[in-house]
Amino acid sequence: MNKTINDADPRRWAALCVLLTGTLLPPLDFFIVNVTLPVIRSQLGASDALTQLVVSVYAAAYAVTLILGGRLGDLYGRRKVYIGGMLGFGLASAVCGLATSASVLIVGRLLQGVAAAITAPQSLASIHAIFPAEEKSRALGFYGATFGLASVGGQILGGALVSLDLLGLGWRSVFLINLPVIVVAVPAAMKLLSESKAADARQLDVKGALLLATGLLALIVPLIEGREQGWPWWCAVLLSASPLLLLLFWRYERRVELRGGSPLVVFSLFESRGLRRSLLATFFFYALASFFLIFAVFQQSSLGRNALSAGLAILPLGVGFLLGPLLSARLIKWLGAGTPIVGMAMEALGLFATAGMALAAHANWLWLPLFFIGLGQGIALPTLVRLNVDQVPARWAGLAAGLVNSTLQISAAIFVAVIGGLFFTLAPDGASVEAVTSGFAISCAVIGLMLAIASIVTRRSLAASSSEHKPRVTLKRETATSKS
41 MNKTINDADP RRWAALCVLL TGTLLPPLDF FIVNVTLPVI RSQLGASDAL
91 TQLVVSVYAA AYAVTLILGG RLGDLYGRRK VYIGGMLGFG LASAVCGLAT
141 SASVLIVGRL LQGVAAAITA PQSLASIHAI FPAEEKSRAL GFYGATFGLA
191 SVGGQILGGA LVSLDLLGLG WRSVFLINLP VIVVAVPAAM KLLSESKAAD
241 ARQLDVKGAL LLATGLLALI VPLIEGREQG WPWWCAVLLS ASPLLLLLFW
291 RYERRVELRG GSPLVVFSLF ESRGLRRSLL ATFFFYALAS FFLIFAVFQQ
341 SSLGRNALSA GLAILPLGVG FLLGPLLSAR LIKWLGAGTP IVGMAMEALG
391 LFATAGMALA AHANWLWLPL FFIGLGQGIA LPTLVRLNVD QVPARWAGLA
441 AGLVNSTLQI SAAIFVAVIG GLFFTLAPDG ASVEAVTSGF AISCAVIGLM
491 LAIASIVTRR SLAASSSEHK PRVTLKRETA TSKS
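So the sequence shown is residues 41 to 524, counted in my numbering.
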């Protein structure tokens, strides 16, 4: 039964602040470490391969564990799992910050990725559980804005911490800064968060979790490491094995469900065409993840800017990303179900404009399309997330949150590999300024095309949901009936 304003948790807005801490830390710790890698490499005497693992092992562990994290919350309680995940994240951050070798740091980053994946889905699932329909869009707007803050602010914060060298900690402060945040957030979570979980919670599907982790690792690790390693033979072997492993996982889960068990992923939910299409739209939507990579290279190799200037150049996108989610709840009143489609269209047009301005050598005006890319992303993200989560019963909210987050992470890995590979093929090391510029423009156009496809698939998802008589996913125009 859907909550109303009158029976909703009166502490829900204070609880949201706590939940957004768990939303902020996982992506923040992915982006914040990038600028510290040269210092880490020199101080720990790490090779280039080990340094790359500091980033990639976190990304792989995070993507592989997200669905499991969401299911843990459904089964054992989202408040309990959220607190456990935050404590684990704090412990892993301490391991990273106190690491005496690159190997210890990599182990810490692996543990960080797992803890982040356990924590992150609880935020989205809890928002779905504690907020009434009239306020859900506004709450998800803050959720989307938090993603924007993490993605843009992470690299700036990392650079600032290393430059300030607080207490002589240097790069270690990038990890240790998480500890005071968690010291405040965990007691607040214990006080403010109400417990929620699936009504028919049973035991965890351990075999299914292992099968899924194996299949996703076989897919994601080669995509993350392949280009850096020159696509060795083991990448081809793992990529070839991943479809078979995921097929085995699907068959096993179907058998568990048909026997009346509690599978890790309830595949009967995918009988909904609306859910299948909204997840597919989510996959194409996050092709934008590859833009951050190619934009940084374009800024430095084509425009001759240093690392700090290149980082600051992305700020217009970040400003748009912060404003977009705050506007999305208001736009739903005017645009209804078309809100995510409009946001994606803005992104696609911004990417095509960026490509055109790069080719026309109008770099000084790039801030304008960058702002619209960020604004569109910020408008589309929370509404697309809600479109996915609202298509399943509330008891599966954790699973849906894990599916959405996993789709985003898998999309990021695939498109960074594919579009990044396209860019570096067109503009390899030592390429001319003209080659880098044209490679950047073509790659931007491809990302724009992916966003256009995402908008088309989203429209079809809404049509399918409507035909299946699921009014909960229409994102109907809402009016605020109370003040937070």
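Cβ coordinates follow ideal geometry from the N, Cα and C atoms, glycine included.
Since this is a predicted model, take the numbers as computed values, not measurements.
Bounding residues of the alpha helix (DSSP H) (the contiguous stretch that carries residue i)
i           : result
residue 437 : 437-466
residue 290 : 273-298
residue 406 : Looking at the DSSP string, residue 406 is not in any alpha helix (DSSP H), and its letter there is neither H nor E.
residue 53  : 52-71
residue 257 : 246-269
residue 79  : 77-84
residue 171 : Careful: residue 171 lies outside any alpha helix (DSSP H) and carries neither H nor E.
residue 383 : 379-399
residue 318 : 313-325
residue 213 : 213-216
Whole-angstrom distance between residue j and residue i, CA atom to CA atom
i           : j           : result
residue 486 : residue 236 : 42 Å
residue 255 : residue 108 : 13 Å
residue 426 : residue 177 : 8 Å
residue 365 : residue 299 : 42 Å
residue 56  : residue 181 : 11 Å
residue 481 : residue 286 : 35 Å
residue 444 : residue 340 : 33 Å
residue 163 : residue 49  : 15 Å
residue 60  : residue 438 : 16 Å
residue 185 : residue 303 : 33 Å
residue 168 : residue 312 : 19 Å
residue 503 : residue 314 : 8 Å
residue 196 : residue 65  : 15 Å
residue 358 : residue 291 : 42 Å
residue 342 : residue 470 : 11 Å
residue 375 : residue 412 : 18 Å
residue 505 : residue 319 : 13 Å
residue 517 : residue 174 : Note on residue 517: pLDDT 41, under 50, position unreliable in the model; the coordinate value appears next. Those two C-alpha atoms are separated by around 9 Å.
Three-state secondary structure assigned by DSSP to residue i
i           : result
residue 140 : coil
residue 335 : helix
residue 469 : coil
residue 235 : coil
residue 184 : helix
residue 526 : This structure leaves residue 526 out entirely; the chain is present only between 41 and 524.
residue 117 : coil
residue 209 : coil
residue 340 : helix
residue 433 : coil
residue 354 : coil
residue 87  : coil
residue 243 : coil
Beta-carbon proximity list for residue i, same chain, < 7 Å, skipping 5 on both sides
i           : result
residue 483 : 334, 459, 462 and 463
residue 58  : 225, 228, 229, 232 and 233
residue 475 : 466 and 467
residue 321 : 424, 494, 497, 498 and 501
residue 539 : Outside the shown range of the chain (41 to 524) lies residue 539, about which nothing can therefore be said.
residue 213 : 201 and 206
residue 492 : 388
residue 289 : 248, 251, 252 and 255
Cβ of residue i within 8 Å of any chain D Cβ
i           : result
residue 412 : You won't find chain D in this structure, because it holds only one protein chain.
Residues of its chain near residue i, where Cβ-Cβ distance is below 8 Å and the 5 sequence neighbours each way are ignored
i           : result
residue 124 : 158
residue 221 : 61 and 65
residue 146 : 90, 93, 94 and 97
Beta-carbon proximity list for residue i, same chain, < 6 Å, skipping 5 on both sides
i           : result
residue 128 : 155
residue 119 : 233 and 235
residue 432 : 309 and 440
residue 266 : 275
residue 279 : 262
residue 112 : 121
residue 512 : Any reading at residue 512 must be qualified, since the residue scores a pLDDT of 45, below 50, and its modelled position is unreliable; the value itself is stated next. If we look at residue 512 and ignore the five residues flanking it on each side, its Cβ neighbours are 430.
residue 142 : 84, 86 and 90
residue 380 : 420, 423, 424 and 498
residue 395 : 481, 484 and 485
residue 490 : 324 and 327
residue 194 : 68, 71 and 72
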